[in-house]
Amino acid sequence: MSERVSRLVVVGNGMVGQRFVDALRARDPQGRWRVTVLAEENRPAYDRVRLSAFFDGVGAEELNLHTPDDGVELRLGEPATEVDRERRLVRTAAGEHPYDALVLATGSYAFVPPVDGATLPGVFVYRTLDDLTAIREYARGRRTGAVIGGGLLGLEAANALRLLGLDTAVVEFAPRLMPVQVDTAGGAMLRRYVDGLGVATHLGVATTAVRSGPDGTVAGLELADGTVVDADLVVVAAGVRPRDELARAAGLALGPRGGVLVDDACRSADERIWAVGECAAVDGTCHGLVAPGYAMAEVVADRLVGGVATFPGADTATKLKLLGVDVASFGDAHGATPGCLDVTFTDPATRVYAKLVLSDDAQTLLGGVLVGDASAYPTLRASVGGPLPAPPLALLAPEGTTGAGAAALPAAAQVCSCNAVTRADVDDAIAGGCADVPALKACTRAGTSCGSCVPMLKQLLDAAGVRQSTALCEHFDAGRQELFDIVRVRGIRTFSQLVAEHGRGRGCDICKPVVASILASLGSGHVLDGEQASLQDTNDHFLANLQRDGSYSVVPRIPGGEITPEKLIVIGEVARDFRLYTKITGGQRIDLFGARVEQLPQIWRRLVDAGFESGHAYGKALRTVKSCVGETWCRYGVQDSVGLAIALELRYRGLRAPHKIKSAVSGCARECAEARSKDFGVIATDTGWNLYVGGNGGFRPRHADLFATDLSTEALVRLVDRFLMYYVRTADRLQRTAAWIEALEGGLDHLRAVIVDDSLGLCAELDAAMARHVDSYSDEWRDVLEDPVRLRRFASFVNAPGVPDPSITFALERGQPVPAGRATADEGRQPVALGMPAVRR
Amino acid sequence: MTITMTTTSPPATRTWTPVCPLDRLEAERGVAALVDGVQVALFRTADGLFALDNRDPVAGAYVLSRGIVGSRGGVPTVASPLHKQVYDLRTGDCLDLPGVAVPRHDVRCRDGLVEVRLRREG
Ligand SMILES: Cc1cc2nc3c(=O)[nH]c(=O)nc-3n(C[C@H](O)[C@H](O)[C@H](O)COP(=O)(O)OP(=O)(O)OC[C@H]3O[C@@H](n4cnc5c(N)ncnc54)[C@H](O)[C@@H]3O)c2cc1C
Ligand code: SF4
Ligand code: FES
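Residue numbers (this note's numbering), protein chains in the order written: chain P, 1 to 841; chain V, 842 to 963.
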């Protein structure tokens, strides 16, 4: 066995350890390596870079980076305690793990300066989710906080303390904030922002001791200049040190400043032992950012399957938003190259600072610093080492030339530094058929980490002459949004007119439903009227959901999930009489499966007579507004969540949209209705409602973002009206709200500007459009039942309307009908069983 | 209660069977018809009348008549409502999956009546 399968032990399941395992598994589909991962933390790898999002309410599951993999044994909470190189095994408290290859990915620990009081209760570091959880707990009820360290991490921690409601101070030993990334002038600009937020800064001064109060917990900091800073809670963010203790004890060489010493293949002097990420000292240097770590992960993965990759060196470029300020630094930010030239731009009014470092002949970009506006960052960073894509001032002027000339970048320029993707890689992918950003992401991995290079990907697509997916299909060059405007502004009422005047050909299953939905959103009568009927997808055509065997399912609306016993009984009777399979859905309603086309009107008749209406489960439309019982019954509830859910569902029912829309209302912060997994979710507060937007479950689950807080019911409804209408007007085909917001230039801020501040002067129009929708709503099922012409469509066969489709047959499973033996070969000639409704009255 | 019905092979004699008045076919849409026990999908488009087997060969369900019709590069088409594969209405060939096709049938309009003649080779 050991002939073919080798044992790989990975110590550490942090960002880089996880990336390494993913990279290896991708290259080793036959499973030549059997992988065991030893993890000290109790949870699988998560996105440490986004750690601070925890304080914005982003949960651990959302930061998760780990996907389960049968070929990998992940042992959580089982740290390695010793590496026995002689016997080639790793010891843990639980046992021994033999290895043929060992990869150390143990990261760093937070360095705590050896000052008095550094171990007092109330002093924390800022590295793991557990650290942040502890900080949040401890901050409860406390007033003041201080951070030791004014670097990237320190400022993130300061912002966290501020968000936790503490009066916060930052103490930094260097004379400016973020000394590693920015220069003096940039640091000064940064300080203006930090002051503006009410965070006090003490620069150029060392912390000499942590003071304790009478109860033995932390009470403040003593500084070298004699100042005392009050603090009930202290975070130490004074740098990190590589975790090299296992290697040290095993007698492996370390780098000059610590870290497991490895060569440019990330291999230590022991050929079976490798190191990646922050714990590795590649040719003696440790790297404290994730991108170089990822590069190391790829190198070792390649080597373990016989490759010869080497570590290409690190890009230390960083771009971040700290305390609401964009800060970026790249290349030789400090102008350390002999003879180099600086071009700087300072605007105290807009608080923007920018510096470019150029070679002595001003021909080559060496590096730069941006504070306050980092929109030029992607292009600039990619231009490092090459000529400037535009004159320096044009590049630096704020918003001047957002990414001017990604097209001018040389082939070797790195477009995505997170994933080491060059312009040439992107161009190759485009030549190979990638026609939009998602395709480029899938094919090159560019844009899949921090996302800051996505605008450049778009520009490169443009530069290559790829008409980016705005063209709906071969029949229309316009995208959905443009078509919407054309239809709205020109008052077009039919598909034939639209395709004749603004498209070509006969249409297809892509553009026809889109136009049908646009016409429906603009209130052009019943979806089955006239020509509109022919445009509809089969679900909309039959106002029911097509299932795999050609039968349909029927979902009556149950607003807010509230239903009387009488109505429940009617649903039961209908299901029984038509022999329908029944299932409770995730949206708090009941789905009835197995109806044949000709049965649909009979089923609706019974439901409509009992007071039900269409639930639009078949449409790209509002589905349900889920709710918890709320204040009416629940002892925690603070508002009437059911009442609001019903009102919202009735208001937006039938609204046709680019995709389905889901919603929920929770009666308190315990969030039993899971509102944050919805396109728009509402959570009750003591004084009103919090609105969240852009969540979804499904293939790529995403939590909704907090959009507005403590709204009155009227204010909430107004915002939701505009949110939905703006979405209906501007989103792409099949784009859920989450993807739509992500794709909006400016994202959530833009959305807020448009629908709260009315920056585009659109609100009155959106409000009016929603008012029209609400007024013109009518039940699509009832409308069909009342119209003999529409009813004619609900026949099994045009020449034999009384004969049920013989191919639809059922078997029993757990007492309910399910499709009989999935259709196989040509059974058109076989005897088939006809399921007849067993009507019992 | 369950009734069993046996559908027999299509008759060897290939005759024209009247199905319905032309105005029962909606423009740019399909309907299903039962001709000698065979489910036929009938379409009326600006290019004329077309008839294919109603059975989606990929999914095995009898649903093609409920697909959206249109064109692809000038070819009149219908898309399966289940998994969206597109078929040439004239030949029954699947334009997305090489080698996949649905049987087609003859269809014509006589005196305002739509007539179908089954074409089942073999
Ligand atoms: C708040 C914060 C913000 C950051 N922001 C950025 C940023 O904007 N950009 C950027 O590039 N980088 C940023 N970083 C740095 C980035 O997170 C790290 O570079 C990255 O996580 C390094 O990955 P790693 O796998 O080497 O180490 P880690 O992610 O720290 O993972 C190491 C893991 O190994 C485990 N471990 C250690 N010893 C053992 C043992 N003996 N046995 C088993 N397990 C062990 C540890 O518990 C840990 O889970 C930030 C870091 C923090 C804390
Ligand atoms: S969200 Fe709050 S009000 Fe609603 S059921 Fe849960 S605990 Fe009760
Ligand atoms: S630069 Fe971060 S994802 Fe491309």
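Virtual Cβ for every residue (Gly too), placed ideally from N, Cα, C.
Spatial neighbours of residue i in its chain, beta-carbon cut-off 6 Å, leaving aside the 5 residues before and after
i        : result
P:Ala820 : Thr809, Phe810 and Ala811
P:Cys511 : Leu472, Cys473, His475 and Phe476
P:Gly594 : Ser551, Leu580, Tyr581 and Pro817
P:Gly165 : none
P:Leu197 : Leu323
P:Asp116 : Ala209
P:Lys660 : Lys620 and Arg623
P:Ala250 : Val83 and Arg85
P:Leu388 : Leu365
P:Leu203 : Glu172 and Pro175
V:Val955 : Val860, Cys861 and Leu863
P:Gly815 : none
P:Val337 : The amino acid occupying residue 337 of chain P in the given sequence is Thr; Val does not appear at that position. If we look at P:Thr337 and ignore the five residues flanking it on each side, its Cβ neighbours are Leu366.
P:Gly284 : Gly255 and Pro256
Burial state of residue i, where buried means 16 or more other Cβ atoms lie within 10 Å
i        : result
P:Thr119 : exposed
P:Thr184 : exposed
P:Ile569 : exposed
P:Glu399 : Bear in mind that a pLDDT of 46 at P:Glu399, under 50, signals an unreliable position, so the number given afterwards is only what the model happens to contain. Result: exposed.
P:Gln181 : buried
P:Asp757 : exposed
P:Gly339 : exposed
P:Thr106 : buried
P:Pro513 : buried
P:Pro556 : buried
P:Gln363 : exposed
P:Ile584 : exposed
P:Val348 : Per the sequence shown, the amino acid found at residue 348 of chain P is Pro instead of Val. Exposed, because fewer than 16 other Cβ atoms sit within 10 Å of the Cβ of P:Pro348.
P:Asp749 : exposed
P:Asp425 : buried
Cβ neighbours of residue i in the same chain (closer than 7 Å, five flanking residues each side left out)
i        : result
P:Thr81  : Arg91, Thr92 and Ala93
P:Val466 : Ile430 and Ala435
P:Ala134 : Phe124
P:Arg790 : Leu528 and Val784
P:Ala301 : Phe20, Ala23, Leu24 and Arg27
P:Ala753 : Ser759
P:Gly681 : Ser663, Ala664, Ala675, Tyr692, Gly695 and Ala704
P:Ala45  : Asn13, Gly14, Met15, Gly17, Gln18, Leu65 and His66
Close Cβ partners of residue i (< 8 Å) along its chain, the five nearest in sequence each way excluded
i        : result
V:Ala902 : Arg896 and Leu923
P:Val629 : Gly637, Ser641, Val642 and Gly667
P:Ser496 : Glu531
V:Asp886 : The question names Asp, but residue 886 of chain V in the sequence shown is Thr. Excluding residues within five positions, the ones whose Cβ falls inside 8 Å are Ala868, Glu869, Val910, Pro917 and Leu930.
P:Arg75  : Thr36, Val37, Leu38, Ala39, Thr92 and Ala94
Supposed contact pair residue j and residue i - C-beta distance, whole angstroms, cut 8 Å
i        : j        : result
P:Val260 : P:Leu104 : 6 Å
P:Thr713 : P:Tyr727 : The Cβ separation is near 21 Å, so there is no contact.
P:Pro121 : P:Gly216 : 7 Å
V:Val941 : V:Val899 : 7 Å
P:Gly293 : P:Val308 : 20 Å between Cβ atoms; not a contact.
P:Ala333 : P:Val369 : 5 Å
P:Ile518 : P:Val489 : Not really, about 12 Å apart at Cβ, beyond 8 Å.
P:Gly151 : P:Met189 : With 8 Å as the limit, P:Gly151 and P:Met189 do not qualify as a contact, their Cβ atoms being about 16 Å apart.
When a residue counts only if its C-beta is closer than 6 Å to some heavy atom of ligand 2, which residues count, in chain order? Spelled out in chain order, the answer is P:Cys628, P:Val629, P:Gly630, P:Cys634, P:Tyr636, P:Gly637, P:Ser641, P:Ser666, P:Gly667, P:Cys668, P:Arg670, P:Glu671 and P:Cys672.
Taking 8 Å as the threshold, find out whether the region 279-298 of chain P comes into contact with the region 18-30 of chain P through three or more Cβ pairs. yes
Pairs of beta-carbons, one from the region 595-605 of chain P and one from the region 631-649 of chain P, closer than 8 Å: are there three or more? With the rule of 3 Cβ pairs closer than 8 Å, the region 595-605 of chain P does not count as touching the region 631-649 of chain P.
Okay, do the region 500-509 of chain P and the region 910-922 of chain V touch, 3+ Cβ pairs below 8 Å being the bar? yes
Please confirm if the region 799-809 of chain P is in contact with the region 533-545 of chain P, defined as three or more CB-CB distances below 8 Å between the two stretches. no
Between the region 25-37 of chain P and the region 62-71 of chain P, can you find at least three pairs of beta-carbon atoms closer than 8 Å? Contact between the region 62-71 of chain P and the region 25-37 of chain P is present: 3 or more CB-CB pairs across the two stretches fall below 8 Å.
Quick check: the region 645-660 of chain P against the region 558-576 of chain P, are there 3 or more CB pairs under 8 Å? Short answer: they touch.
Could you check whether the region 761-780 of chain P touches the region 710-724 of chain P, counting it as contact only if at least three pairs of C-beta atoms, one from each stretch, sit closer than 8 Å? yes
Sufficient close CB pairs (3 or more, under 8 Å) joining the region 154-163 of chain P to the region 45-58 of chain P: Touching, yes.
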